[in-house]
Amino acid sequence: MTTVQARTRMESLRNEILEHDRLYYVEARPRISDRDYDKLIDELRDLEAQFPDLITSDSPTQRVAGEPTKLFPPAEHHVPMLSLANTYSTDEVAAFAKRVHDALEHEPSEGYTCELKFDGVAMSLRYANGRLIRGATRGDGVTGDDVTANVRTIKSIPLKIVSDSKSAQSEFEVRGEVFMDIKGFQRLNEQREAMGEPPFANARNSTAGTLKTLDPREVVKRPLRFMAYQLLFHDIEFEEDSSLNTHSKRLDLLREFGFPVSKETMVVKDVKEIMDFVMYWQEKRDTLPFEIDGVVIKVNSSDEWVRMGAVAKSPRWAIAFKFETKQAKTRLLGITLQVGRMGTITPVAELEPVGLTGITIRRATLHNADEIDRKDFRIGDMVIIERGGEVIPKVVGVDIAQRHDDSKPFHFPHKCPECASELIRPPDEVSWYCENAECPAQIIGRITHFAARGAMDIAGLGDQSVAQFAEAGLLHSIADVYDLPSKRAELIELPRMGEKKADNLIAGIEASKQRPVSRFLFGLGIRHVGTSVAKLLIDEFGSIDAIAEASEEAIDEVPSIGPEIAASIFAYFRLRRNQDLLHRLRQLGLPFKGEKKPRVLGGAPAALGGFFAGKTFVLTGTLDAMTRDEAKEKIESLGGKVSGSVSKKTNFVVAGAEVGSKLDKANELGVKVLNEEAFLKELTA
Ligand code: IVH
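Be aware that the sequence shown starts at 111, since it is given in the numbering used here, and climbs by one per residue.
(1) Judging by CA-CA distance, which residue of Asp483, Lys439 and Phe295 is the nearest neighbour of Arg472?
(2) With a threshold of 16 other CB atoms inside 10 Å of the CB of Gly633, please say whether the residue is buried or exposed.
(3) With distances taken Cα to Cα, identify the nearest neighbour of Asp655 among Tyr682, Ala677 and His638.
(4) On the CB-based measure, 16 or more other CB atoms within 10 Å of its CB, does Gly419 come out buried or exposed?
(5) Evaluate Gln552 with the Cβ neighbour count: other Cβ atoms within 10 Å of its Cβ, from every protein chain shown; 16 or more gives buried, anything less gives exposed.
(6) Using three-state DSSP, classify Gln448 as helix, strand or coil.
(7) Candidates Ile502, Met492 and Gly453: which alpha carbon is nearest His477's?
(8) Answer yes or no: the CB of Glu674 versus the heavy atoms of the ligand IVH, is any distance below 7 Å?
(9) Any heavy atom of the ligand IVH closer than 7 Å to the CB of Phe431?
(10) Ignoring anything shorter than 4 residues or poking outside the stretch 317-405, list the alpha helix (DSSP H) runs there in chain order.
(11) Using the Cα positions of Leu604 and Asp480, report the straight-line distance between them to the nearest angstrom.
(12) Using 7 Å as the cut-off, classify the Cβ of Phe800 as near or not near the heavy atoms of the ligand IVH, replying yes or no.
(13) Specify whether the stretch 275-289 and the stretch 337-350 touch according to this definition: at least 3 beta carbon pairs, one from each stretch, less than 8 Å apart.
(14) Whole angstroms are fine: how far does the CA of Asn614 sit from the CA of Asp590?
(15) Would you kindly report the start and end of the unbroken beta strand (DSSP E) that includes Asp255?
(16) Along the chain, where does the beta strand (DSSP E) containing Gly430 start, and where does it finish?
(17) So, does the stretch 527-535 touch the stretch 443-454, judging by three or more C-beta pairs under 8 Å?
(18) Does DSSP put Glu532 in a helix, in a strand, or in coil?
(19) Is Pro457 helix, strand or coil by DSSP?
(20) Can you give me the start and stop residues for the beta strand (DSSP E) that Ser143 sits inside?
(21) Any heavy atom of the ligand IVH closer than 7 Å to the beta-carbon of Leu334?
(22) Near Gly404, what residues of its chain come up, given a Cβ to Cβ distance below 7 Å and the 5 sequence neighbours on each side ignored?
(23) Thinking just about the alpha-carbon of each residue, which of Arg327, Glu281, His586 and Ala318 is nearest to the one in Phe295?
(24) Hey, how far is the Cα of Ala714 from the Cα of Thr253?
(25) Find the nearest neighbour of Lys270 within the set Ala428, His130 and Leu398, judged by alpha-carbon distance.
(26) Looking only at its own chain, which residues have a Cβ that is under 6 Å from the Cβ of Ala788, when we skip the five neighbours before and after it?
(27) For the stretch 504-513 and the stretch 570-580, state whether three or more C-beta atom pairs, one from each stretch, are separated by less than 8 Å.
(28) Is it true that the stretch 216-227 meets the stretch 372-386, where meeting means three or more beta-carbon pairs spaced less than 8 Å apart?
(29) Using the DSSP secondary-structure output, state which residues sit across from Arg473 in a beta bridge.
(30) Please specify which runs of the beta strand (DSSP E), each continuous and at least 3 residues long, are wholly inside the stretch 686-757, giving them in chain order.
(31) Determine the contact status of Phe727 and Asn688, defining contact as a CB-CB distance below 8 Å.
(32) DSSP state of Gln437, grouped into three classes?
(33) Using 8 Å as the threshold, is the stretch 670-684 in touch with the stretch 617-630, meaning 3 or more CB pairs across them?
(34) Is Gly507 helix, strand or coil by DSSP?
(35) Could you check whether Glu496 and Val506 sit closer than 8 Å to each other, using their CB atoms as the reference points?
(36) Considering only the beta carbon of each residue, do Gly564 and Glu307 sit closer than 8 Å?
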C-alpha cells in the first residue's frame with residue numbers, strides 16, 4: 111500500500127469508527143456488532159503501526175495515548191465557570207421568577223428550560239477546527255486542572271466534530287457533567303472489593319477521583335459518561351448569531367455536533383410548569399440509570415442572559431432546585447462492631463429492615479464511637495437513615511420524641527468482639543483498633559485479601575472458605591495457604607468441599623506462586639500499599655528485599671509516595687512477626703524479585719517552569735494572607751510539593767508568624783527559609 115492509499119483508508123476508518131462510537135455511546139443504538147467494530151479498530155491499528163507518521167490525535171486509537179503525568183497543568187477558563195444558587199421550595203422558585211421579571215422588565219421572552227441536574231463533576235471541553243483540544247475541571251471557577259488526557263478516554267466525548275454547520279469549525283467550548291451511571295459504578299465497586307481495594311462511597315467521589323487519576327490507562331477502565339449542558343462560542347459572530355439565541359437551540363446544535371444531551375429537557379413558561387417538572391423528577395428520579403440531585407432552571411433566551419449578568423459566583427438567569435436527600439426512619443435494633451483486616455473497628459447499626467431508593471436496608475454505618483456519643487444513638491431508638499448517592503447507608507439522626515423512657519446511652523465496648531483483647535485508640539484518631547495480630551477476624555481478613563483478585567488471585571479462597579479453613583485449624587497466616595496442598599486429605603473431608611474442589615484449589619494455590627512480585631507485595635496487606643504503590647515500589651527497588659532494607663527517607667523519595675506511606679512501609683519490615691512471615695514465604699517459593707524500571711518522568715512540573723515547579727516546601731506558623739491549606743493548594747497548583755516535615759529534601763520552609771520547631775530543624779539542616787513577604791512575592795511573580 112502506498113502512503114497516499116494508506117492515508118485515505120486511515121481517514122475513512124477513523125471516521126467510520128468515530129461514527130460507531132457515537133452510535134454506541136451517545137445514541138445507545140449500535141449499528142454493527144462488537145466483532146465488526148473490533149475488526150475496524152484492528153485494521154486501523156495495523157495501518158498506524160506501518161505508517162506511524164499518519165497517526166492523528168483524533169484517531170480513536172489515541173483515546174489513551176498519555177503516559178502517566180505527575181501533575182495537571184492549570185487551565186484558565188476564558189469565561190468563568192459559575193455555580194448555581196440552590197433553591198428548595200416553590201416560594202424560592204417564585205422569588206427567582208420575580209427577580210428575572212424585575213431585571214428584564216418583562217417575562218422571559220423564550221420561557222425557561224428545565225433540565226436534570228446530574229450529580230457528577232463539571233467539565234469544560236474546548237474545540238478548535240472541529241477537534242477536542244482541552245478538557246478542564248472547574249477548579250475555583252477561574253482556573254481548573256487540565257485533564258485532557260483523561261477526558262479523551264471518555265467514549266461519549268467526541269474527539270472530532272462531524273457536522274455541516276459552519277460553527278462546528280470555529281472555536282467553541284462545551285460544558286457539561288462527567289458522571290458514572292449507577293450500574294457502571296456498582297460494577298466498579300464490585301471489582302474493587304474483589305481486588306481488596308476500598309470501595310468508593312458514591313459515584314460522584316469516584317468520578318472526581320477518576321478524573322484526577324494520573325494514568326489515563328487506568329481512567330479508560332472506569333465507566334465515565336458525559337452529558338453536555340452548555341455551548342459557548344469564542345467567536346462573537348456565532349455567539350451573537352440569532353439562530354443560536356436560545357439555550358434550547360444550542361442544545362439542539364450540541365446534539366447535531368455529536369454530544370450526548372439529555373432527552374429530559376423541557377421548555378416551560380412559568381413557575382407552575384417549572385414546579386410540575388420538578389415534582390415529576392423528584393418522584394421519578396429512581397427510574398433514571400444515573401443519579402441526579404435536582405433540576406436546573408435556566409432563562410431560555412441567551413440574549414437575556416447577557417442582560418441579566420451574574421452575582422458573585424452564580425448567574426442571575428439560572429437556579430438549581432435541589433432534591434432532599436433520600437431518608438427513611440426505622441428502629442435501631444442493635445450495634446455490632448466489625449473488625450477490619452488492619453484491626454480497625456467500625457460500629458454498624460443493625461436495623462429493622464426498611465425500603466429506601468429501591469433496596470431493603472438492614473445495616474448502616476455509624477462511623478465511629480465519637481459519632482455515636484455526639485448523636486446519642488441508643489438501641490431501640492427510631493433513627494433516620496440516609497443514602498445520598500452513597501452505596502453504604504448511614505445513620506444521620508435520631509427521633510428523640512419516639513425514644514422510650516427506659517433507654518440507655520450506648521457504651522462503646524472496649525474489648526474486641528472477636529478476640530476479646532483490649533481495644534486501643536491512638537490519640538489523634540477517631541477509630542478504635544484491635545491490636546491483636548492473632549485476632550481471628552484480622553487473620554481471616556488478611557488471608558482473604560492475600561488471595562483476592564488483584565493480589566494472588568487464588569480461586570476458591572474467598573472469605574467464606576478462608577473462615578472455614580481457619581476454623582478447621584488449617585489456616586493461621588498467609589504462609590499456611592501454601593501448606594494446604596499437603597493437606598488434601600483433610601481438605602476433602604470438609605463440608606461443601608470434595609475432591610474436585612480441593613484439587614482446583616490446590617492447583618490455584620500452586621499457580622499463584624507465578625504472580626508478579628508487585629501483586630505478592632500488595633497481597634501482604636501493608637497499610638497504605640495498594641496496587642499502584644506496590645508497583646511503584648517494585649519499579650523503584652526491584653525486589654522485596656531491597657524495599658525491606660531501604661531507609662524511610664529512600665522510600666519517601668519515590669515519586670507519589672508521601673511520608674505517611676513511607677513510614678508505614680518502613681515500620682512493616684521492622685516487625686519481627688513480619689520478618690518471620692517473609693522468611694517462611696521465601697522458603698515456600700514465593701516471588702521476591704522483580705525488575706527495576708527507570709522512573710517515568712511526568713515532565714509536567716519542569717515543563718511548567720517557575721519558582722515552585724518541582725520543589726518541596728514545608729509550611730510552618732500562620733500566614734496573614736491565607737490559610738495553610740490555601741498556601742498548599744497554591745504551591746501545588748504551581749508544580750511544587752508540600753511536605754509535613756523538614757528533611758534534607760526540603761527546598762524551602764515557608765515561615766509565618768508563631769513558628770515552631772520546624773524552623774529550628776530548617777536552620778539545623780541549612781534549608782532556606784522564606785518569610786511571608788518573600789513567599790507572596792514568589793507567588794505573584
Ligand atoms: S448549568 C452557569 N446545567 O451543577 C450555569 N449545571 O451547582 C452552570 N450541573 O457546576 C451550570 N447538571 O456541575 C448546569 N443541567 C445542568 C447541570 C449542571 C449538573 C452541575 C454543574 C454545576 C453545578 C452547579
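Every residue gets a Cβ at the ideal spot worked out from N, C-alpha and C, and that includes glycine.
Checking against the coordinates, here is how it stands:
(1) It is Lys439 whose Cα lies nearest to the Cα of Arg472.
(2) The C-beta of Gly633 has 16 or more other C-beta atoms within 10 Å across all chains shown, which makes the residue buried.
(3) Comparing alpha carbon positions, the residue from Tyr682, Ala677 and His638 closest to Asp655 is Tyr682.
(4) That one is exposed.
(5) Flag for Gln552 reads buried.
(6) In this structure, Gln448 counts as strand in the three-state DSSP scheme.
(7) Answer by Cα proximity: Ile502.
(8) No.
(9) No; taking the cut-off as 7 Å, the Cβ of Phe431 has no heavy atom of the ligand IVH nearer than that.
(10) Whole alpha helix (DSSP H) segments, 4+ residues: 326-329, 346-349, 357-367 and 381-394.
(11) In this structure, the straight-line span from the alpha carbon of Leu604 to that of Asp480 is close to 43 Å.
(12) With the chain running from 111 to 795 in the structure shown, residue 800 is simply not present.
(13) Output reads yes: the stretch 337-350 touches the stretch 275-289.
(14) Rounded to the nearest angstrom, the two C-alpha atoms are 17 Å apart.
(15) Here the beta strand (DSSP E) through Asp255 covers Thr253 to Asp255.
(16) It should be noted that the sequence gives Ala, not Gly, for residue 430. Residue range Ala428 to Lys432 is occupied by the beta strand (DSSP E) that includes Ala430.
(17) Output reads yes: the stretch 443-454 touches the stretch 527-535.
(18) Strand, per DSSP.
(19) Here DSSP, grouped into helix, strand and coil, assigns Pro457 to strand.
(20) From DSSP, Ser143 is part of no beta strand (DSSP E); its letter is neither H nor E.
(21) A distance criterion of 7 Å places the beta-carbon of Leu334 beyond contact range of the ligand IVH, judged by its closest non-hydrogen atom.
(22) Closer than 7 Å at Cβ, skipping near neighbours: Lys227, Ala430, Phe431, Lys432 and Phe433.
(23) Measuring from the Cα of Phe295, the nearest candidate turns out to be Ala318.
(24) With a pLDDT of 36 at Ala714, under the threshold of 50, the modelled position of that residue is not reliable, and no figure is offered here.
(25) When each option's Cα is compared against that of Lys270, the closest is His130.
(26) Cβ within range, chain order: n/a, list empty.
(27) Short answer: they don't touch.
(28) Contact between the stretch 216-227 and the stretch 372-386 is present: 3 or more CB-CB pairs across the two stretches fall below 8 Å.
(29) Answer by DSSP bridge pairing, in chain order: Glu460.
(30) Annotation note: the stretch 686-757 contains the following uninterrupted beta strand (DSSP E) runs of length 3 or greater, listed N- to C-terminal: 726-730 and 751-753.
(31) With a cutoff of 8 Å on beta-carbon distance, Phe727 and Asn688 are scored as not near each other.
(32) Collapsing the DSSP output to three states places Gln437 in a strand.
(33) Because the criterion of three Cβ pairs below 8 Å is not met, the stretch 670-684 and the stretch 617-630 do not touch.
(34) Shown here, Gly507 sits in a strand according to DSSP, grouped into three states.
(35) Inclusion of Val506 and Glu496 in the CB contact set at 8 Å is warranted, their separation being smaller than that value.
(36) Yes.
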